[in-house]
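With the first letter of the sequence shown counted as 1, position 19 gets the number 287 in the working numbering; the numbers rise by one all the way through.
Idealized CB from N, CA, C, for every residue including glycine.
Nothing here was measured: the structure is a model prediction, and the numbers come from that model.
Report on one structure; see the data block that follows.
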Amino acid sequence: MPFAHAVMHEENGVFGISFPDFPGCTTGADSEEEAIRKADEVLTFHVAGMLEDGEVLPVRRSLKELLSDPEAKEGLAKGVLFLARYELPRKSVRINISMDETLIEAIDRAAEHANQSRSGFLADAARQRIRDLLKAE
């Protein structure tokens, strides 16, 4: 399982986490433990989104390289550095589910409109719902 640098900082009882090599990927929580758990989840979804968009994942920088980056150095001065794990997407697995027929028709119309397969559309919808739930925590 790959790792990425993460920086945890605390302000007024809220723990925030950012990832110097993944700009824009952040999370927060009310406890250190929850923040660390969410870091792994958020980073995994961020990486999956990057790969879906055809982006190349950054190579984890060394501590020396991080400290030579003024922006990263500033973040490190205000927080604690740790390694967060993330999972790379794996092969698709066939599943069998039951849904209301009308909902399936609506999904198929929306998928066609988005130039996606039903499976791709449902996977994207599930990822978005999971992201929304993680943000709400």
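Checklist line | Distance between Ser385 and Phe271 (C-alpha atoms, nearest Å) | finding: Taking the sequence shown and counting its residues from 1, one reaches residue 271 at position 3. Taking the sequence shown and counting its residues from 1, one reaches residue 385 at position 117. Rounded to whole angstroms, Phe271 to Ser385 spans 32 Å at the Cα level.
Notebook entry, point to check: If we ignore side chains and look at the alpha-carbon of each, how far apart do Thr312 and Ile365 end up?
Noted result: Along the sequence shown, read from residue 1 onward, the residue named residue 312 stands at position 44. Along the sequence shown, read from residue 1 onward, the residue named residue 365 stands at position 97. When rounded, the distance between both Cα atoms is 25 Å.
Checklist line | Cβ-based burial, Leu335 [other Cβ within 10 Å; buried from 16] | finding: Here residue 335 refers to the residue found at position 67 of the sequence shown. Its Cβ having fewer than 16 others within 10 Å, Leu335 is exposed.
Check: Do you know how far the Cα of His277 is from the Cα of Glu300?
Finding: Your numbering for residue 300 matches position 32 in the sequence shown. Your numbering for residue 277 matches position 9 in the sequence shown. Cα-Cα distance, rounded: 9 Å.
Item checked: Contacts around Phe389, its chain only, beta-carbon distance under 7 Å, and the 5 residues preceding and following it disregarded -> Mapped onto the sequence shown, residue 389 falls at position 121. Once the five neighbours on either side are set aside, the close Cβ partners of Phe389 are Ile375, Ala378, Ala379 and Ala382.
Check: Excluding sequence positions up to five away, which residues of its chain have a Cβ less than 6 Å from the Cβ of Ala316?
Finding: Indexing the sequence shown from 1 puts residue 316 at position 48. Within the same chain, Ala316 has close Cβ partners Pro357.
Notebook entry, point to check: For Leu351, which option in Asp400, Glu279 and Ala303 has the closest C-alpha, if you only look at C-alpha atoms?
Noted result: For the purposes of this step, residue 351 is taken as the residue at position 83 of the sequence shown. The shortest C-alpha separation from Leu351 is found at Ala303.
Margin query: Going residue by residue through the stretch 285-340, where are the continuous beta strand (DSSP E) segments of at least 3 residues, counting only ones entirely within it?
Written below: 294-297
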